[in-house]
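So the sequence lines, in the order shown, correspond to chains A and B. Residue 1 is where the first sequence starts when you use UniProt numbering, and the numbers rise one by one after that. Residue 1 is where the second sequence starts when you use UniProt numbering, and the numbers rise one by one after that. Below is one structure, written out as structure tokens, with a few remarks after it.
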Amino acid sequence: MNAQAPASQDPRLNRPEPFTPPLGDGGFFQRDRSIHPPAYAPGYKSSVLRSPRQSLLSLEGSASEITGPVFGHNDLGPLDNDLIRNYAKDGDPVGERIIVHGRVLDETGRGVPNTLVEFWQANAGGRYRHKKDTYLAPIDPNFGGCGRALTDDTGYYYFRTVKPGPYPWRNFVNSWRPAHIHFSVFGSGFAQRLITQMYFEGDPLIPICPILTTIPDKDALDRLVAPLDLNASTPFDSLAYRFDIVLRGQRCTYFENRPEGN
Amino acid sequence: MPQPLNYLKETASQTAGPYVHIGLIPAMAGFDIFEKNFSNVLVRPNTQGERITLEGKVLDGTGSPLRDVLLEIWQANAAGRYNHPADRSAGALDADFRGWGRAGSDFETGLVTFETIKPGAITDRAGRKCAPHVNVWIVARGINIGLNTRLYFSDEEAANATDPVLNLVEPPVRRKTLIATRGERAGNVVYSFTINLQGSDETVFFDV
Chain A
1 MNAQAPASQD PRLNRPEPFT PPLGDGGFFQ RDRSIHPPAY APGYKSSVLR
51 SPRQSLLSLE GSASEITGPV FGHNDLGPLD NDLIRNYAKD GDPVGERIIV
101 HGRVLDETGR GVPNTLVEFW QANAGGRYRH KKDTYLAPID PNFGGCGRAL
151 TDDTGYYYFR TVKPGPYPWR NFVNSWRPAH IHFSVFGSGF AQRLITQMYF
201 EGDPLIPICP ILTTIPDKDA LDRLVAPLDL NASTPFDSLA YRFDIVLRGQ
251 RCTYFENRPE GN
Chain B
1 MPQPLNYLKE TASQTAGPYV HIGLIPAMAG FDIFEKNFSN VLVRPNTQGE
51 RITLEGKVLD GTGSPLRDVL LEIWQANAAG RYNHPADRSA GALDADFRGW
101 GRAGSDFETG LVTFETIKPG AITDRAGRKC APHVNVWIVA RGINIGLNTR
151 LYFSDEEAAN ATDPVLNLVE PPVRRKTLIA TRGERAGNVV YSFTINLQGS
201 DETVFFDV
């Protein structure tokens, strides 16, 4: 071995740089598509004509994917996370009062702070306030059915609502959706963008739902089912359900003293 | 047995369903609830850059437009900088441009529009120049996991020819599925696009 190594031709080797931690705000962990529903899932008939047939082209995370929109409290109103009050006209909406709460985490277990979580649902009778929903259950004059929240510094979010009802839909002749709440989550980068649905512990429609059973992985399906959380319920007021949401983790950090574009 | 690797697993995606508007664009569902709403207008009066309209449809396997689809776009500003702390490139930030918007398709025609600015070229992590582009995310009834694609610009032929992502697309004939066509209407610049979910002109979708 030479006592003194010659200067390298590669200028990067002559410039001391800190070794970067392996997890940080770089590219995202590769998405494990085996736990997600496939695009083409013929048991859910609407997917047949709306599913791409070519392979997805895999991209390593560039600035376009690791960045994403940033939201703040200025984007929200004070009642946005209170579905019992945010559309009330002359009283409270009909239905079981519930609290839904949980954390938005990434795959490393860290909370995702200050990220926008949006949610929407049918009313207690299973009817959506939407001009295209014609189910015979009545609209509730005091219930809009949507809300949103920003996670706090630890990734925690919460909102208050009434438990949605199940409803029939045109797939097979007698298909019913289990009670569910739709969730939209951003994360810190656009590649973490996710829409999912939360279900309720003990609902007998869960194992026979043509949409829910598009998920090929039993554990992944179970993770969409929120357990009753009696500790978080408010005595004589509301039961609570717990729903944690996991977004993709992130690989290595950039350092400020790295060259631009690196 | 080695120690377990205790990574969590990503939450499974589910379709946004036919009533996605309630949560994300309640005015389209037919009611007014929030004090502040997100929209398909990304520009403010003081936003820097060339005003453009992005206008297009998403077509299903029969060539019919989806009339219940929701698109979101995410793009750099006119200087090629994303309004996000992880973009440490040299372009100046624009306080009047978040770079994100969402739009539902028209319930009759399926047309989707955004009012935005043309983004600048961005620099990727390897220092390569990337052609100006807009990142698109698509959800709807029947779409089980959001689809990611991009829109490039027909008048950026030279930049498109060297773009590192466009050059990954094989066979090259599929690259045109990512190009929005520049035109003018009443003095305004309109870029038109068609996103085909299936068929011989199926759009290139990315696993990002």
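Glycine residues also receive a C-beta, built at the ideal position from the N, C-alpha and C atoms. Computed from a predicted structure; not experimentally measured.
query: Go ahead and pull the three-state DSSP assignment for Pro164(B).; result: coil
query: On the premise that Ala180(B) lies in contact with Leu93(B), defined as a C-beta separation below 8 Å, what is that separation, rounded to the nearest angstrom?; result: Actually they do not touch by this definition, with Cβ atoms about 25 Å apart.
query: Who are the neighbours of Glu24(B) on chain A, taking C-beta pairs under 7 Å?; result: The question names Glu, yet the displayed sequence has Leu at residue 24(B). Under the 7 Å cutoff, chain A gives Glu118, Ser184.
query: Which value, in whole angstroms, describes the spacing of the CA atoms of Ile245(A) and Trp120(A)?; result: 16 Å
query: Take the Cβ of Ser39(B) as the centre, count every other Cβ of all protein chains shown within 10 Å, and call the residue buried at 16 or more, exposed below.; result: exposed
query: Quick check on Ala159(B): does DSSP put it in helix, strand or coil?; result: helix
query: Considering only residues of the same chain and omitting the five flanking positions on each side of Asp106(B), which have a CB-CB separation below 8 Å?; result: Arg67, Val112
query: In this structure, how does DSSP classify Gly91(A) when only helix, strand and coil are distinguished?; result: coil
query: Can you name the start and end residues of the beta strand (DSSP E) that Ile98(A) belongs to?; result: 97 to 106
query: Note down, in chain order, each residue of its chain lying with its Cβ closer than 7 Å to the Cβ of Thr15(B), except the 5 sequence neighbours on either side.; result: Arg141, Gly142, Ile143, Asn144
query: Check Asp219(A) in the structure and name its three-state DSSP category.; result: helix
query: What is the DSSP secondary structure of Val69(B), reduced to helix, strand or coil?; result: coil
query: According to DSSP, simplified to helix, strand and coil, what is Gln250(A)?; result: strand
query: Kindly list, in the order they appear in chain B, the residues whose Cβ is closer than 9 Å to that of Asn86(A).; result: Ile33, Phe34
query: Compare the C-beta of Val246(A) with all C-beta atoms of chain B and state if any pair is closer than 8 Å.; result: yes
query: Taking only the alpha-carbon atoms, compute the straight-line gap between Ser13(B) and Val104(A) and give it to the nearest angstrom.; result: 14 Å
query: Can you confirm whether the stretch 213 to 229 of chain A touches the stretch 29 to 49 of chain B when touching is taken to mean that 3 or more C-beta pairs between the two stretches lie within less than 8 Å?; result: no
query: Going along the chain, which unbroken runs of the beta strand (DSSP E) with 3 or more residues stay wholly within the stretch 89 to 155 of chain B?; result: 100 to 104, 112 to 117, 133 to 139, 147 to 153
query: What does the alpha-carbon distance come out to for the pair Tyr152(B) and Ala88(A)?; result: 45 Å
query: Need the endpoints of the beta strand (DSSP E) that residue 265(A) sits in, please.; result: The shown model of chain A, from 1 to 262, leaves out residue 265(A), and the question about it has no answer.
query: Out of Thr149(B), Arg98(B), Ala121(B), state which residue places its alpha-carbon closest to the alpha-carbon of Glu157(B).; result: Ala121(B)
query: If you measure between the beta carbons of Gly189(A) and Ile35(A), is that distance less than 8 Å?; result: no
query: Pick helix, strand or coil for Gly187(A), following the three-state DSSP scheme.; result: coil
query: Out of curiosity, what's the CA-to-CA distance linking Asn160(B) and Cys130(B)?; result: 8 Å
query: In this structure, how does DSSP classify Glu10(B) when only helix, strand and coil are distinguished?; result: coil
query: First and last residue of the alpha helix (DSSP H) that includes Glu65(A)?; result: 63 to 66
query: Could you say which of Ala63(A), His180(A), Tyr135(A), Asp203(A) lies nearest to Arg170(A) if we only look at CA atoms?; result: Tyr135(A)
query: Using a Cβ-Cβ cut-off of 6 Å (strictly less than) and excluding sequence neighbours within five positions of Ala240(A), which residues of its own chain qualify?; result: Ile99, Asp229, Ala232, Ser233
query: Rank Ala103(B), Ile52(B), Pro132(B) by C-alpha distance to the C-alpha of residue 211(B) and give the top, closest one.; result: Past the edges of chain B, shown from 1 to 208, lies residue 211(B), and the structure says nothing about it.
query: Under a Cβ-count criterion, where at least 16 other Cβ atoms within 10 Å of its own Cβ denotes burial, should Met198(A) be classed as buried or exposed?; result: buried
query: Report buried or exposed for Val139(B), applying the criterion of at least 16 other Cβ atoms within 10 angstroms of its Cβ.; result: buried
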